[in-house]
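Chains A and B are the protein sequences, given in the same order. Numbering-wise (the working numbering), the first sequence opens with residue 1 and increments by one. Numbering-wise (the working numbering), the second sequence opens with residue 1 and increments by one.
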Amino acid sequence: MSRDTLNVIKTRRVIRNMTDQPLEQEKLEKILESARWAPVGGNQRIHRFVAVQDPTLLRLLRMVSPGMFQKPQAIILICIDWDAVESENFSEIEKTPYIDVGSQMQTMMLAAHALGVGSGPVTSFSREAVRVILNIPVNLEPYLMVTLGYAAPTKQLPMQASVRGKKKKVTWQSLTDWERYKS
Amino acid sequence: MAEKMMLTEDQAIELFTFLVVSARTQLDDPHHYASMRLLTAAEILRDFITGHTSPETQKLLEATVDKSERAQIIMNDTEAFAGALDELCAMVAQFLVERNGLQERVP
Chain A
1 MSRDTLNVIK
11 TRRVIRNMTD
21 QPLEQEKLEK
31 ILESARWAPV
41 GGNQRIHRFV
51 AVQDPTLLRL
61 LRMVSPGMFQ
71 KPQAIILICI
81 DWDAVESENF
91 SEIEKTPYID
101 VGSQMQTMML
111 AAHALGVGSG
121 PVTSFSREAV
131 RVILNIPVNL
141 EPYLMVTLGY
151 AAPTKQLPMQ
161 ASVRGKKKKV
171 TWQSLTDWER
181 YKS
Chain B
1 MAEKMMLTED
11 QAIELFTFLV
21 VSARTQLDDP
31 HHYASMRLLT
41 AAEILRDFIT
51 GHTSPETQKL
61 LEATVDKSER
71 AQIIMNDTEA
81 FAGALDELCA
91 MVAQFLVERN
101 GLQERVP
């Protein structure tokens, strides 16, 4: 892994305040392409991405997403395709569809940051309202939105790291245990 | 005092939608998010009516901007969040006292 890649990982932030600057189509497509390279369970493709740029659709999606503080220029909605999950013979208790959403989200957010584009994930939205607005078929479950746009120079809302509800400085050491736990 | 409606129909629909959808998403979200959602709804309303109120109410709306934004920022720190909301509530209460002429009343 190059130093540049590590730097992209360490400097990425969730962007909650975005400018009105339009997002270039080329950059949006590169971010979508990055998700194709995200690690997924069994290398199976059981997700669909819905890319949204239409201003009216963006406004309506924001209205039904209480967790969306941003006013993004584009949204990539990650959906779980339950027909595909069934056809790939994943068991009912399999967590892969959900884990893969996270890896695809993170891959897209890192790609966005590498391109100079701000991003932020949103899960607090009405799945049924989003389904109606985007006319999403029943086999697809809208699961997570990656909001995209350029970061406003000020007024970001930094979230304090917390551990079990307590504000705390987080380091990799504080998150890591080594080898076996003591009895 | 402004007597006419201050929200456009689109603005009213946006706030109505936010409240209805929040009622649903809050069933899945952490319980303390409920407080933040209400604060966000208040901010949406504040942003819609800013510039369409009496000068006194305008002062209140402008004065609450920093405090509500700070409360959103420190949402993960329960004590500080409660403190910031207490300050906001006191500010609104003081406005109500003055608006209703209670500051000059003595027992």
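Ideal Cβ placement from N, Cα and C applies to all residues, glycine included.
What's the call for A/Cys79, buried or exposed, on a 16-neighbour Cβ count within 10 Å? Walking along the first sequence from the start, residue 79 of chain A turns up at place 79. By the neighbour-count rule (16 or more Cβ atoms within 10 Å), A/Cys79 is buried.
Every unbroken alpha helix (DSSP H) inside the segment 18-70 of chain B [4 residues or more]: 33-49
Contact set for A/Leu175: own chain, Cβ-Cβ below 8 Å, skip 5 residues either direction: Within the first sequence, numbered from 1, the residue matching residue 175 of chain A stands at position 175. Counting only Cβ-Cβ distances below 8 Å, and skipping sequence neighbours, we find nothing.
Checking the sheet assignment: what are the DSSP bridge partners for A/Glu33? Walking along the first sequence from the start, residue 33 of chain A turns up at place 33. DSSP lists no partner for A/Glu33.
Local Cβ density within 10 Å of B/Thr64, reported as buried at 16 or more and exposed below that: To locate residue 64 of chain B, count along the second sequence from 1; it is residue 64. By the 10 Å Cβ count, B/Thr64 comes out buried.
Count the other CB atoms, across all protein chains shown, that sit within 10 Å of the CB of B/Ser54; report buried if there are 16 or more and exposed otherwise. For this step, residue 54 of chain B is matched to residue 54 along the second sequence. Under this definition B/Ser54 is an exposed residue.
Note down, in chain order, every chain A residue with its Cβ under 9 Å from the Cβ of B/Ser54. As a working note, residue 54 of chain B is residue 54 in the second sequence. Residues of chain A passing the Cβ test: none, with the nearest at roughly 27 Å.
Which of the three DSSP states is assigned to A/Ala151 in this structure? Taking the first sequence and counting its residues from 1, one reaches residue 151 of chain A at position 151. The answer is strand: DSSP assigns A/Ala151 an E or B state.
Can you tell me whether A/Tyr181 is helix, strand or coil according to DSSP? To locate residue 181 of chain A, count along the first sequence from 1; it is residue 181. Reduced to three states, the DSSP call for A/Tyr181 is coil.
Tell me whether the beta-carbon of A/Ile15 lies closer than 8 Å to the beta-carbon of A/Ser119. The sequence position of residue 15 of chain A within the first sequence is 15, counting from 1. The sequence position of residue 119 of chain A within the first sequence is 119, counting from 1. A contact, by the Cβ cut-off of 8 Å.
Supposed close pair A/Glu141, A/Trp82 - CB separation, criterion 8 Å: Your numbering for residue 141 of chain A matches position 141 in the first sequence. Your numbering for residue 82 of chain A matches position 82 in the first sequence. Confirmed, Cβ separation roughly 6 Å.
Under 7 Å (Cβ pairs) to chain C, residues found in the segment 45-66 of chain A: In the structure shown, chain C cannot be found, because the protein chains are A and B.
I need the DSSP call for B/Asp77, collapsed to helix, strand or coil. On the second sequence, residue 77 of chain B is found 77 positions in, with the first residue counted as 1. Three-state result, B/Asp77: coil.
Is the segment 15-30 of chain A touching the segment 58-76 of chain A, taking contact as three or more C-beta pairs under 8 Å? yes
At 4 residues or longer, what runs of the alpha helix (DSSP H) sit wholly inside the segment 57-127 of chain A? 82-87, 96-114
Contact the segment 103-111 of chain A vs the segment 3-21 of chain B: 3+ CB pairs below 8 Å: no
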